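This report refers to the structure that appears directly beneath it.
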Amino acid sequence: MSDNSARIIGGRTYDFSRQVVVMAIINRTPDSFHDRGRTFALEKATEAVRHAASEGADWIDIGGVPFAPGPEVSAAEELDRVLPVVEAARDLAVVSVDTFRPEVAAEVIRHGAGVVNDTSGLRDPAMADVVAGTDAQLVICHSLAAPRTHYPSPRYQDVTLEVAAFLREKVALALSRGVRPDQIIIDPGHDLNKNTLHSLELTRRLDEIAAIGYPMLAALSNKDFIGETLDRPQQERLAGTLATVVFSILRGARIMRVHDVRAAYDAVRMTEAMLGWREPAYLKHNI
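By the count of UniProt numbering, the sequence shown reaches residue 287 at its end, each step adding exactly one.
Here it is in structure tokens:
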């Protein structure tokens, strides 16, 4: 990890050279990938925020519009969905908002969000302008298509090299528009315009993405590449997810975006301890 590893995010200090963040997912959408609208109602979303924090989430990622194709959601509607959840979460954890709209990003930063998670990879460069000059972090994620659009049968000559080149290009764009190096996080975008073989290859070579020199987020929880690899339906992918979380940490990932917070928290903290980054909670056995 480069000298970008030590950061203050949302008023909390992180050292990504020896620390892994557990990032919970709260979607205020009726058509989300995993929970299928379970937290669309505001009361359910705020309850999920409290539950995630109680289970150990360091960050809470709030989404109002899924990446996958679906009906149009206006910026005003997206803000109506996410702002009350931002306000409910900001005293409990670092708040991240999953959005590709600069106008939404600007508003959530004003309301206390510490991270903007842009799954479009700065498709609108104005996103960088919004983050520049603030204390917020910017997640730059690889994808080929605009959010909410179909992109069937993506093709790569070398998925890892192409994802790395894309991320380097977008990091350079962000820096050119005033975003500081210590504001940038990169995400290779598991399954976003990638098939299962692409996502497996990318995971195997995540150290090449980490070598770009910025903290790396891995959003792989319950994704289709895990389901297709194991032949497991959507709700039976926890064991595969946890294996992938641990493997990804060993390849350089430092922010793990997950649905099952408690299980991921234990897997992450145990991995940190085995790497010598974390002391046990207590010592009693054979002492």
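Heads up, the beta-carbon is just placed ideally off N, CA and C, and yes, glycines get one too.
Everything numeric in this text was worked out from a predicted model, so none of it was measured.
Between Ile25 and His259 the beta-carbon gap is near 5 Å, inside 8 Å, which marks them as a contact. Rounded to the nearest whole angstrom, the C-alpha separation of Leu173 and Glu272 is 33 Å. The beta carbons of Leu79 and Glu107 sit closer together than 7 Å. The C-alpha of Ser221 lies about 32 Å from the C-alpha of Gly178. By the 16-neighbour rule on beta-carbons within 10 angstroms, Tyr151 is exposed. Spanning the alpha carbons of Ala136 and Leu175 requires a straight line of approximately 14 Å. Val131 carries a helical assignment under DSSP once its states are collapsed to helix, strand and coil. Within the model, the alpha-carbon separation for Leu200 versus Ala164 is close to 15 Å. DSSP, read as helix, strand or coil, puts Ala174 in helix.
Taking each of Gly10, Arg50, Ala57 in turn and checking the Cα distance to Ala263, the smallest one comes out for Ala57.
In this structure, the beta-carbon distance from Val22 to Val268 falls below 7 Å. Linking Val95 to Asp61 through their CA atoms gives a straight-line distance of about 6 Å. Around the beta carbon of Arg257, 16 or more other beta carbons lie within 10 angstroms, which makes this residue buried. Here Val171 is near Ile184, since their CB atoms are less than 7 Å apart. Under the criterion of beta carbons closer than 8 Å, Asp191 and Asp224 qualify as touching, at roughly 6 Å.
Collapsing the DSSP output to three states places Tyr14 in a strand. Bounds of the alpha helix (DSSP H) holding Gly227 are 224–230.
Annotated as distal: Pro188 and Phe16, with beta-carbon spacing of 7 Å or more. In the structure shown, Leu217 adopts extended strand secondary structure according to DSSP, grouped into three states.
Short of 6 Å from the beta carbon of Ala210, and not among the five residues preceding or following it, lie these beta carbons of its own chain, in chain order: Met216, Gly252. Residue state for Arg262 is assigned as helix, using DSSP reduced to three classes. Put simply, of Ala88, Phe40, Ala89, Glu236 the residue whose alpha carbon is nearest the alpha carbon of Glu77 is Phe40. Only buried fits Ile9, as 16 or more other CB atoms lie within 10 angstroms of its CB.
C-alpha of Ser143 to C-alpha of Leu275: approximately 31 Å in a straight line.
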